[in-house]
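Asks: Per UniProt numbering, the very first residue in the sequence shown carries number 1; after that it's consecutive.
Quick reminder that beta carbons are idealized off the backbone N, C-alpha and C, glycines included.
Please see the structure below; I have some questions.
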Amino acid sequence: MDPTVKQALDTTLHNWQTMTSYQSDEKEAVADQFQSSFYVFIDTVRDWVLRQDPMPLSLDDMLEIEMIQDIFDLLPAPLHLNLETELELILDRVERVDEDKYD
Numbered sequence: 001m002d003p004t005v006k007q008a009l010d011t012t013l014h015n016w017q018t019m020t021s022y023q024s025d026e027k028e029a030v031a032d033q034f035q036s037s038f039y040v041f042i043d044t045v046r047d048w049v050l051r052q053d054p055m056p057l058s059l060d061d062m063l064e065i066e067m068i069q070d071i072f073d074l075l076p077a078p079l080h081l082n083l084e085t086e087l088e089l090i091l092d093r094v095e096r097v098d099e100d101k102y103d
């Protein structure tokens, strides 16, 4: 796996684990930290995908890439749909505006 993607994924997974086990008044802050790390991870994946030659042309092509399969294996199931949506946006070359990421 690309080291930059792996590092961003590890941070996201750590923040997911923290968020799902956190039982405190600060849970909203922990959730915000997870959400922020998820979109940093997505930006890292975007950068990686855009450097591929040839670049995948469809979501099916993208899902056949070993690194993407590995990410799905590591990512908690509740995040799979989010990742698929973001991968489709990457393929369509749509970049979310920061405020759209958090709505």
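Note down the Cα distance separating L83 from L63, rounded to an integer number of angstroms.
Replies: Translated into positions along the sequence shown, residue 83 becomes position 83. Translated into positions along the sequence shown, residue 63 becomes position 63. Going from the Cα of L83 to the Cα of L63 covers about 11 Å.
Asks: Write down every uninterrupted run of the alpha helix (DSSP H) in the stretch 27-74 whose length is 4 residues or greater and which is fully enclosed by it, in chain order.
Replies: For the stretch 27-74, whole alpha helix (DSSP H) runs of length 4 or above, ordered along the chain, are 27-50, 59-63, 66-74.
Asks: What do you get for S24, buried or exposed, if any count of 16 or more other CB atoms within 10 angstroms of its CB means buried?
Replies: On the sequence shown, residue 24 is found 24 positions in, with the first residue counted as 1. That one is exposed.
Asks: By Cβ distance, which residues of its chain are closer than 8 Å to L89, with the 5 residues on each side in sequence left out?
Replies: Working through the sequence shown from its first residue, we reach residue 89 at position 89. The answer, listed in chain order, is E95, R96.
Asks: Taking its Cβ as the centre, do 16 or more other Cβ atoms sit within 10 Å of S21, making it buried, or is it exposed?
Replies: Looking up residue 21 in the sequence shown gives position 21. Exposed: under 16 other Cβ atoms inside 10 Å.
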